[in-house]
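Peer 1:
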Amino acid sequence: MTAAATGFPGPRRGSLRGRLASPVLLLLPAGLFLGFIYLLPVIDLVRLSVSGPTWSTFFERVFSVPLYWDSLVRTMQISLTVATLCLLLGYPTALLIRRSSGITQILITAAVILPYFIAILIRTYAWMVLLGRNGPVNKLLTGLGLLSEPAQLLFSRGTVLLGMTAVLLPIMVLSIYSSVSRLDAALPRAAQASGAGPIATFWRIMLPLTLPGMGAGFLLVFVAALGFFITPTLLGGPGDQMFAMHIVQQADFINSEGFLQALAVVLLVITLLFVGVAGHFLGFEFIWGGSKAASPSGKAAGAGAATPRRSLLSGLADRIGWPVLRLLGRLGPAWGRWTVLVLAGAVIATLIVPILVVMVISFSSASYLTFPPPGFSLRWYEKFFSDPNWMDAFRHSAVIAAASAVISVLLGASAAMGIVRSEIRGKSVIMLLLVSPVIVPPVVLGLSLYSLFLRFDLVGSVWGLASAHAIGGIPLVVIIVAAALQGVDRRLEQAAALHGASPLTVFRTVTLPAIAPGLAAAGFFAFLHSFDELVLSLFLSSAQLKTLPLMLWADINYQLNPVLAVVSSLEVLLVVIGLALAGPVLARTRAGA
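16 is the number of the first residue of the sequence shown in my numbering; add one for each residue after it.
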């Protein structure tokens, strides 16, 4: 810890000692790590994609073969549809959270946040159980007489849209809620006191002010959906293949080098283009939920442009919305309240019911998946804990996740300290580079890392997988620890320094205890991210080093039995315990900020 990092008197900035003491140096470890294991492999991926007879040879094949072009168009359509569905369903849910209070608000928020931290593979498996031939949906429909026999509800476009929307809904709800929660409660009351009805108040006041959150949520969901691989593979049919699925399939063919990388580069470029356009209008801070970096004068960068943009959005809403507004204005205020309750209730049921069904099935006495269970038994828990293959996979996942969390916390916390405590210019650009792994499609990242890991004999190694998982863990740590550091009272650090404490002592006795809860929460989320990681493990693991998600993936593809429900239930329990421990920590961090 340096003197400059704590803001205390120290070596003169112009001296060599002063430059070496700069907190900017704390950015180097994470920068070097990500530069080597993240940026260089991506650059090498691009190099291989243009290594044909001409630079465009492989790209011409991508766009000329109908299979890939159709898949790319389909991916865009599905992603756009999912983002739209999430927006329509997410806004009422965010409003319901804002309007609730006490234990009701806590329960609704928990129902949204809990699924967000459960692995995509497990949530997708839950939908396979729910919509299976012996699942509760088919049984309900046949019981009501709507179907004479169980229907094939899986492996269709509708199922893919349902599964992806359920997986990505929490992102939309949290993004919109970040805007809704900052609204001044006096504004709607003032509008209604001036004679505006509930619909007009929503359209003229709430909607324009929450458009940034809506836009950020829409783009985050859309970009995440572009790289989806797990859900469409398990829930879709042959006509629902998305572009990322072709990358995984082509990876099995030795002679596809160059063309395989071109597929990945196309997906990466499309993703970056949409992120770039979003960043132009919203600021790249939307990726990590931050605000624009403050300028030396104390005003937010880009604040001058915010008002014209807001006015433009408000005017656009007015021009489009007045015909709709006049039509909806004829409805009473009860319609709005019931619409929010019904849609938000549907969202909460969509997020929670599949998880609850899977947990109940884990105690089933049946030898196959059926709901409700004919009886209750612990036979599947006994089978899981007595199976050496499952136990080995569990141990591998725990060890890799622990190592990945250590790497993520050490490098991410150092980088967060460097950003918050230094006066370096372009903090938003640096932050963007640090968190950029979250926007790169996992299949692209996994493919780019494969060549590097082969070169250094890291495929199938614990530290290799831990390092790969840390690429996604570091952004989580940076965001959480940076927020914790901003909540530290600098006057306490300065007081300790004025009483003769060295910078290292100040950090150890003042700063570290203040940010320790944030570090603990960051470590848990980094651990959970690695424990759940599947896509990178598909590219970088080996037959001797299988993780729990890989075992789940293999069994889901070839056999469905209640053991999978046991694994899913144990992970849900892990997430619940972790969130229960991290909740007060994050609450204190936000309160301090």
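Cβ coordinates follow ideal geometry from the N, Cα and C atoms, glycine included.
Please classify S379: does DSSP put it in a helix, a strand, or coil?
Peer 2: Working through the sequence shown from its first residue, we reach residue 379 at position 364. The answer is strand: DSSP assigns S379 an E or B state.
Peer 1: Among Y140, G67 and T69, which has the Cα closest to the Cα of P564?
Peer 2: Translated into the one-based positions of the sequence shown, residue 564 becomes position 549. For P564, the closest of Y140, G67 and T69 by C-alpha to C-alpha distance is Y140.
Peer 1: Using three-state DSSP, classify S171 as helix, strand or coil.
Peer 2: One-based indexing of the sequence shown puts residue 171 at position 156. Coil, per DSSP.
Peer 1: Around the C-beta of M257, are 16 or more other C-beta atoms found within 10 angstroms, so that it is buried, or is it exposed?
Peer 2: By 1-based counting over the sequence shown, the position of residue 257 is 242. When all chains shown are included, M257 counts as buried.
Peer 1: Helix, strand or coil for L278? Go by DSSP, reduced to three states.
Peer 2: Numbered from 1 along the sequence shown, position 263 holds the residue referred to as residue 278. Residue state, collapsed to three classes: helix.
Peer 1: Taking the CB atoms as reference points, tell me whether P151 and S377 lie closer together than 8 Å.
Peer 2: Here residue 151 corresponds to residue number 136 of the sequence shown, with the count starting at 1. Here residue 377 corresponds to residue number 362 of the sequence shown, with the count starting at 1. No. Outside cutoff.
Peer 1: What does a CB cutoff of less than 7 Å around S429 pick up in its chain, not counting 5 residues either side in sequence?
Peer 2: As a working note, residue 429 is residue 414 in the sequence shown. Excluding positions up to five away in sequence, the list reads L41, P44 and A45.
Peer 1: Sort F170, G105, L161 and L183 by Cα distance to S193 and report the nearest one.
Peer 2: Taking the first residue of the sequence shown as position 1, residue 193 is located at position 178. With distances taken between Cα atoms, S193 lies closest to G105.
Peer 1: Does the Cβ of R506 have 16 or more other Cβ atoms within 10 Å, making it buried, or fewer, making it exposed?
Peer 2: Residue mapping note: residue 506 aligns to position 491 of the sequence shown, counting from 1. The residue is exposed, with fewer than 16 neighbouring Cβ atoms inside 10 Å.
Peer 1: Count the other CB atoms within 10 Å of the CB of P528; is the residue buried (16 or more) or exposed (fewer)?
Peer 2: One-based indexing of the sequence shown puts residue 528 at position 513. P528 should be labelled exposed.
Peer 1: Mind listing, in chain order, the continuous alpha helix (DSSP H) runs of no fewer than 4 residues lying wholly within the region 77-118?
Peer 2: 81-114
Peer 1: By the 10 Å Cβ neighbour count, where 16 or more other Cβ atoms means buried, how is R523 classified, buried or exposed?
Peer 2: For the purposes of this step, residue 523 is identified with residue 508 of the sequence shown, where counting begins at 1. It is exposed - the Cβ of R523 has fewer than 16 other Cβ atoms within 10 Å.
Peer 1: Taking the straight line between their C-alpha atoms, what separation do you get for I489 and F74?
Peer 2: Position 474 of the sequence shown, counted from the start, is the residue given in the question as residue 489. Position 59 of the sequence shown, counted from the start, is the residue given in the question as residue 74. Taking the straight line from one Cα to the other gives about 32 Å.
Peer 1: Mapping DSSP to helix, strand and coil, what is A45?
Peer 2: Against the sequence shown, residue 45 aligns to sequence position 30. Note: A45 maps to helix in three-state DSSP.
Peer 1: Just to confirm the assignment, what range does the alpha helix (DSSP H) spanning E508 have?
Peer 2: Locating residue 508 in the sequence shown gives position 493, counting from the first residue. Per DSSP, E508 belongs to the alpha helix (DSSP H) from R505 to L513.
Peer 1: Does the Cβ of H544 have 16 or more other Cβ atoms within 10 Å, making it buried, or fewer, making it exposed?
Peer 2: For the purposes of this step, residue 544 is taken as residue 529 along the sequence shown, with counting starting at 1. That one is buried.
Peer 1: Opposite F391 in the DSSP bridges: which residues?
Peer 2: Numbered from its first residue, the sequence shown carries residue 391 at position 376. BP columns for F391 point to S379.
Peer 1: For L460, count neighbouring Cβ atoms within 10 angstroms of its own Cβ and tell me buried if that reaches 16, exposed if not.
Peer 2: Looking up residue 460 in the sequence shown gives position 445. Counting C-beta atoms within 10 angstroms of its own C-beta, L460 has 16 or more neighbours from the protein chains shown and is therefore classed as buried.
Peer 1: Where DSSP assigns a beta bridge to S557, which residues make up the other side?
Peer 2: Here residue 557 refers to the residue found at position 542 of the sequence shown. Paired residue(s): L560.
Peer 1: At the level of alpha carbons, what is the spacing between V492 and A541?
Peer 2: Counting from 1 along the sequence shown, the entry for residue 492 is found at position 477. Counting from 1 along the sequence shown, the entry for residue 541 is found at position 526. So the two alpha carbons sit approximately 7 Å from each other.
Peer 1: Taking 8 Å as the cut-off, decide whether the C-beta atoms of T225 and I191 are in contact.
Peer 2: Position 210 of the sequence shown, counting from 1, holds the residue named residue 225. Position 176 of the sequence shown, counting from 1, holds the residue named residue 191. Cβ atoms of T225 and I191: closer than 8 Å.
Peer 1: Ignore the nearest five residues each way along the sequence and tell me which others in V477's own chain have a CB closer than 8 Å to its CB.
Peer 2: In the sequence shown, counting from the first residue as 1, residue 477 sits at position 462. Once the five neighbours on either side are set aside, the close Cβ partners of V477 are H411, V414, I415, A418 and L560.
Peer 1: Do L250 and I186 come within 8 Å of each other at the CB atom, strictly closer than that value?
Peer 2: Here the question's residue 186 lines up with position 171 in the sequence shown. Here the question's residue 250 lines up with position 235 in the sequence shown. For I186 and L250, no; Cβs fall outside 8 Å.
Peer 1: E548 and V525 - do their beta-carbons sit closer together than 8 Å?
Peer 2: One-based indexing of the sequence shown puts residue 525 at position 510. One-based indexing of the sequence shown puts residue 548 at position 533. For V525 and E548, no; Cβs fall outside 8 Å.
Peer 1: Quick check: the region 169-180 against the region 122-132, are at least 3 beta-carbon pairs closer than 8 Å?
Peer 2: Touching, no.
Peer 1: So what's V455 in DSSP terms, helix, strand or just coil?
Peer 2: For the purposes of this step, residue 455 is identified with residue 440 of the sequence shown, where counting begins at 1. V455: coil per DSSP, three-state reduction.
Peer 1: Which same chain residues, not among the five before or five after I134, have their C-beta less than 6 Å away from its C-beta?
Peer 2: What you label residue 134 is simply residue 119 of the sequence shown in a count that begins at 1. The question names Ile, but residue 134 in the sequence shown is Ala. Counting only Cβ-Cβ distances below 6 Å, and skipping sequence neighbours, we find D547.
Peer 1: For the alpha helix (DSSP H) that W70 lies in, which residues bound it at each end?
Peer 2: Position 55 of the sequence shown, counted from the first residue, corresponds to residue 70. Segment: none, W70 is in no alpha helix (DSSP H) and carries neither H nor E.
Peer 1: Would you identify the three-state DSSP class for T524, choosing helix, strand or coil?
Peer 2: Your numbering for residue 524 matches position 509 in the sequence shown. The answer is helix: DSSP assigns T524 an H, G or I state.
Peer 1: Please report the distance separating the alpha-carbon of V188 from that of A569.
Peer 2: Counting from one through the sequence shown, the residue named residue 188 turns up at place 173. Counting from one through the sequence shown, the residue named residue 569 turns up at place 554. Computed Cα separation, rounded: 32 Å.
Peer 1: Report all residues from its chain with a CB closer than 6 Å to the CB of I367; omit the five preceding and five following residues, and keep chain order.
Peer 2: Start at 1 with the first residue of the sequence shown, and residue 367 comes out as number 352. Cβ neighbours of I367 beyond the five flanking positions: A126.
Peer 1: Report the three-state DSSP secondary structure of M221 (helix, strand or coil).
Peer 2: Within the sequence shown, the letter at position 206 stands for residue 221. Here M221 sits in helix by DSSP.
Peer 1: I need the boundaries of the alpha helix (DSSP H) containing G488, first residue and last residue.
Peer 2: Within the sequence shown, the letter at position 473 stands for residue 488. Start and end: V477 to Q501.
Peer 1: Could you pull out every residue in the same chain whose Cβ sits closer than 6 Å to the Cβ of A485, ignoring the five residues on either side in sequence?
Peer 2: On the sequence shown, position 470 is the one that residue 485 refers to. So the qualifying residues of the chain are S419, I422 and S423.
Peer 1: What are the boundary residues of the alpha helix (DSSP H) that includes L249?
Peer 2: Reading the sequence shown from its first residue, position 234 is the one you call residue 249. I245 to L250 is the span of the alpha helix (DSSP H), which, as asked, contains L249.
Peer 1: Return the residue from the list C101, K154, A499 and Y465 that minimises the CA-CA distance to T385.
Peer 2: On the sequence shown, residue 385 is found 370 positions in, with the first residue counted as 1. Considering only alpha carbons, the answer is K154.
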